[in-house]
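Here's the structure we're looking at; comments come further down.
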Amino acid sequence: MDSDLRHIREIETVSQGGPAARDSAVVQSWLRCLEKHRLDPSARSEAYILPAAELRLHRQRSEELIAIARSGIENLYALVAGQNYVLMLADRAGVTVEYLGDEAQKAALRRSGLYLGAEWSEARAGTCALGACIETGEALVIHQDDHFDVTHGGLSCTAAPIYDSRGALAAVLDISLLSSPRPKASQSLALNLVRQSARRIEMANIMAESRREWVLRLSGSPDFLDVDPEAAISLDGAGRVIGMTHNAARLMARAAGIDWRDAGALIGRPVSDFLGVRLDRLDDLTRQRPAAERFIETRDGHRLFAHAIEPRRQATRPAPRLAQPPRLPPALAELAGEDPAMAQVLARAAALAPRALPLLIEGETGTGKLTLARAIHQAGGGGAFTLLRCAELTDADEALVFGRTDGRRHEPGMLDQAGRGTLVLDKLGELPPRLQARLLQLASEGSYLPVGAIRPISPGLRLIATVQGDLAQAVETGGFRRDLYHCLAGASLRLPPLRDRMDLFWLADRIMACAFGQPVLLAPEVPARLAAHRWPGNLRELARLAETLAAILPQPRVGLSDLPLPMAAAPAPGQGGAALLSQMLRETGGNVSECARRLGVDRTTIHRRMRRLGLAARA
-11 MDSDLRHIRE
-1 IETVSQGGPA
9 ARDSAVVQSW
19 LRCLEKHRLD
29 PSARSEAYIL
39 PAAELRLHRQ
49 RSEELIAIAR
59 SGIENLYALV
69 AGQNYVLMLA
79 DRAGVTVEYL
89 GDEAQKAALR
99 RSGLYLGAEW
109 SEARAGTCAL
119 GACIETGEAL
129 VIHQDDHFDV
139 THGGLSCTAA
149 PIYDSRGALA
159 AVLDISLLSS
169 PRPKASQSLA
179 LNLVRQSARR
189 IEMANIMAES
199 RREWVLRLSG
209 SPDFLDVDPE
219 AAISLDGAGR
229 VIGMTHNAAR
239 LMARAAGIDW
249 RDAGALIGRP
259 VSDFLGVRLD
269 RLDDLTRQRP
279 AAERFIETRD
289 GHRLFAHAIE
299 PRRQATRPAP
309 RLAQPPRLPP
319 ALAELAGEDP
329 AMAQVLARAA
339 ALAPRALPLL
349 IEGETGTGKL
359 TLARAIHQAG
369 GGGAFTLLRC
379 AELTDADEAL
389 VFGRTDGRRH
399 EPGMLDQAGR
409 GTLVLDKLGE
419 LPPRLQARLL
429 QLASEGSYLP
439 VGAIRPISPG
449 LRLIATVQGD
459 LAQAVETGGF
469 RRDLYHCLAG
479 ASLRLPPLRD
489 RMDLFWLADR
499 IMACAFGQPV
509 LLAPEVPARL
519 AAHRWPGNLR
529 ELARLAETLA
539 AILPQPRVGL
549 SDLPLPMAAA
559 PAPGQGGAAL
569 LSQMLRETGG
579 NVSECARRLG
589 VDRTTIHRRM
599 RRLGLAARA
């Protein structure tokens, strides 16, 4: 095409030092593409979307930033979505780790690379807003044939950097159009919106990090100082800089006469090196005084208005009184017999049941996590009991879970179904990363944002999550969000495996009676075999055994030959040991004769074992 040929020739002219009617940022990017990245302007390159596993790693590394930025990017998208913009948040490598776009344009957006998982580094994509922003650290617009690769010639992209509190580039925020008939100057408003959003994300980040430090917020105007400041600096107890937003880094660098790109050199220096303020006078800059009176000067003579925020102090509380163990609600009391470990679990569950705190229930497969969750729900006052099976969800199921809002129309999701009841997240560790990010707001703030919505919803429900494996280990290896885990794991219960429980026979009696519809008589040798079995499937395995026996036996009697072959095999010597005998003595009230009958041995054997183990019989 003629337009492609003209574009290639223009790049060649620039490479030879010729004139170009382009912004300096565009020209410099073209030169980097040619000289640094060795790209060919005549080669058309398709958008590159990372494989799912690689994308997951990038998102995991950016999880904290995504969580902090979520509110800001969703508010920005709400402002520009009506103009067909796509919003992307990319990490330092140029990989899109968060994306908001029109589902109706999904196929076209993916082809163009305006999609989750697309890599927009200059080395990969040539001149583009995301890549050039990463290279320069500056906000900019790359419009249509500003792009190096002619494949992207129809796009109009606007990006701004997001810096961490140490002055390092953390991410890039971008809004892009598939096509725009308007000139580049039309994107000035988009550029301003992206800059503002990036600044607010940085502000949210430093405030989240600086709960125990002084924070000095700055603005050129007193009217917006307390509501929308332009910059912020966090200080340690000696008045040294320990964190800053990018605007703060620029003004301090200017005051000190150094390059803002060397922002790391600002960390650790006294704030008085840059601003006419001392630590012992920060009290004068709090809200106790009107904003118009809270002004300071930079060392290079610029006047600013300041708002000092004091560190949060941990309130001292009187020591709590020791409380008596709560009486278990019926729904919880029926879950266990005389087992010390379960008694502790159920007592803690009873204390937590009336409270709407997020709760994590851990345990091996089949230990009764969902049963316990339902019992806690019943003990806590009712409402809807909604089960969300995390293993069956994908990243595309956001609307299914959180609902969707399109104008005035709202399509309810599962959170709407839960209402003010209980939402159980079964097998939380298998929840897809995108849904983990969305769930964080609900777990930490009690609210969530439906897909396409601007205002969050506060449903007033309680969250209970079940975990089968070691979720803490998954957090350490990057397989699960650390912030979400800590929101849910503050109140946790761990169910013991059946092989470690002391109420096995109590459970077996109840489960067998339920399956048969009446009490079941066990042959004398059966209890010993049940106790010797390892029960890898726990309560679920015991229930399946009971159901199978009820289906095949004509009478409610279970003999040794009725058990599955591995279970019917004689237990190894010593198997069951003290735990089995202690359990049997409790079950029988210390009746040695009944213990002997159940274990299929004579009374003298029981007495001999009791003497050896130091156990006492009933008086």
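Residues in the sequence shown are numbered from -11 upward in steps of one, following the working numbering. Glycine is no exception: its CB is placed at the ideal position from the N, C-alpha and C atoms. What you are looking at is a predicted structure, and each value in this text was computed from that prediction instead of being measured.
Go ahead and pull the three-state DSSP assignment for residue i.
{"i": "R377", "result": "strand"}
{"i": "P507", "result": "coil"}
{"i": "W18", "result": "helix"}
{"i": "F468", "result": "coil"}
{"i": "C475", "result": "helix"}
{"i": "G417", "result": "helix"}
{"i": "G6", "result": "coil"}
{"i": "C121", "result": "helix"}
{"i": "T382", "result": "coil"}
{"i": "V265", "result": "coil"}
{"i": "G158", "result": "Note that residue 158 corresponds to Ala in the displayed sequence, not to Gly. It is a strand residue."}
{"i": "A560", "result": "With a pLDDT of only 41 at A560, under the threshold of 50, the placement of this residue in the model should not be trusted, and no figure is reported."}
{"i": "S(-9)", "result": "helix"}
{"i": "V215", "result": "coil"}
{"i": "P554", "result": "helix"}
{"i": "L537", "result": "helix"}
{"i": "E190", "result": "helix"}
{"i": "R242", "result": "helix"}
{"i": "D250", "result": "helix"}
{"i": "E399", "result": "strand"}
{"i": "P258", "result": "strand"}
{"i": "R(-3)", "result": "helix"}
{"i": "A226", "result": "coil"}
{"i": "A220", "result": "strand"}
{"i": "I442", "result": "coil"}
Mark residue i as exposed unless 16 or more other C-beta atoms lie within 10 angstroms of its C-beta, in which case mark it buried.
{"i": "N180", "result": "exposed"}
{"i": "Q506", "result": "exposed"}
{"i": "K24", "result": "exposed"}
{"i": "R489", "result": "buried"}
{"i": "A236", "result": "buried"}
{"i": "H365", "result": "buried"}
{"i": "D133", "result": "buried"}
{"i": "H234", "result": "buried"}
{"i": "P29", "result": "buried"}
{"i": "R305", "result": "Low confidence applies here, because R305 scores a pLDDT of 48, under 50, leaving its location unreliable and the question unanswered by this model."}
{"i": "H290", "result": "exposed"}
{"i": "I189", "result": "buried"}
{"i": "D(-10)", "result": "exposed"}
{"i": "A196", "result": "exposed"}
{"i": "P552", "result": "exposed"}
{"i": "L177", "result": "exposed"}
{"i": "A431", "result": "buried"}
{"i": "A406", "result": "buried"}
{"i": "F212", "result": "exposed"}
Can you tell me the Cβ-Cβ gap for residue i and residue j, rounded? I've got them flagged as a contact below 8 Å.
{"i": "P346", "j": "A220", "result": "About 30 Å; that fails the 8 Å criterion."}
{"i": "R47", "j": "P421", "result": "5 Å"}
{"i": "R336", "j": "G231", "result": "The Cβ separation is near 38 Å, so there is no contact."}
{"i": "L348", "j": "L292", "result": "Contact doesn't hold; Cβ gap of about 46 Å is too wide."}
{"i": "R44", "j": "E326", "result": "In fact, because the Cβ distance is near 46 Å, the residues do not count as touching under 8 Å."}
{"i": "P299", "j": "W202", "result": "6 Å"}
{"i": "V609", "j": "D272", "result": "Because the chain is modelled from -11 through 607, residue 609 falls outside the range shown and cannot be assessed."}
{"i": "A55", "j": "A425", "result": "6 Å"}
{"i": "P438", "j": "R392", "result": "6 Å"}
At least one CB of chain C closer than 8 Å to the CB of residue i: is that the case?
{"i": "A253", "result": "The question asks about chain C, but that chain is absent: this structure has only one protein chain."}
Using 8 Å as the Cβ pair cut-off and three pairs as the minimum, do the segment 500 to 516 and the segment 543 to 558 touch?
-> yes
Any contact of the segment 395 to 404 with the segment 355 to 373, i.e. 3+ C-beta pairs under 8 Å?
-> no
Touch test, the segment 272 to 280 against the segment 236 to 249, Cβ-Cβ under 8 Å, three pairs minimum = no
Which residue spans inside the segment 269 to 354 form an unbroken alpha helix (DSSP H) run of at least 4?
-> 318 to 321 and 328 to 340
Using 8 Å as the Cβ pair cut-off and three pairs as the minimum, do the segment 110 to 121 and the segment 91 to 98 touch?
-> Contact fails: fewer than three Cβ-Cβ distances are below 8 Å.
Please determine if the segment 408 to 416 and the segment 451 to 465 are in contact, where contact requires at least 3 C-beta pairs separated by less than 8 Å.
-> yes
Okay, do the segment 372 to 388 and the segment 462 to 481 touch, 3+ Cβ pairs below 8 Å being the bar?
-> Contact fails: fewer than three Cβ-Cβ distances are below 8 Å.
4-residue-minimum alpha helix (DSSP H) runs that sit fully inside the segment 95 to 153, ordered along the chain = Runs of the alpha helix (DSSP H) inside the segment 95 to 153: 110 to 113 and 117 to 124.
Entirely within the segment 24 to 106 and at least 3 residues each: give me those beta strand (DSSP E) ranges in chain order.
-> Whole beta strand (DSSP E) segments, 3+ residues: 74 to 79 and 84 to 88.
Contact between the segment 22 to 39 and the segment 104 to 114 (3+ Cβ pairs under 8 Å) = yes
Count the C-beta pairs between the segment 11 to 25 and the segment 58 to 65 that are closer than 8 Å, then say yes if the count reaches three, no if not.
-> no
Three CB pairs or more closer than 8 Å across the segment 70 to 81 and the segment 143 to 161 = The segment 70 to 81, when compared against the segment 143 to 161, does touch it at the 8 Å Cβ threshold.
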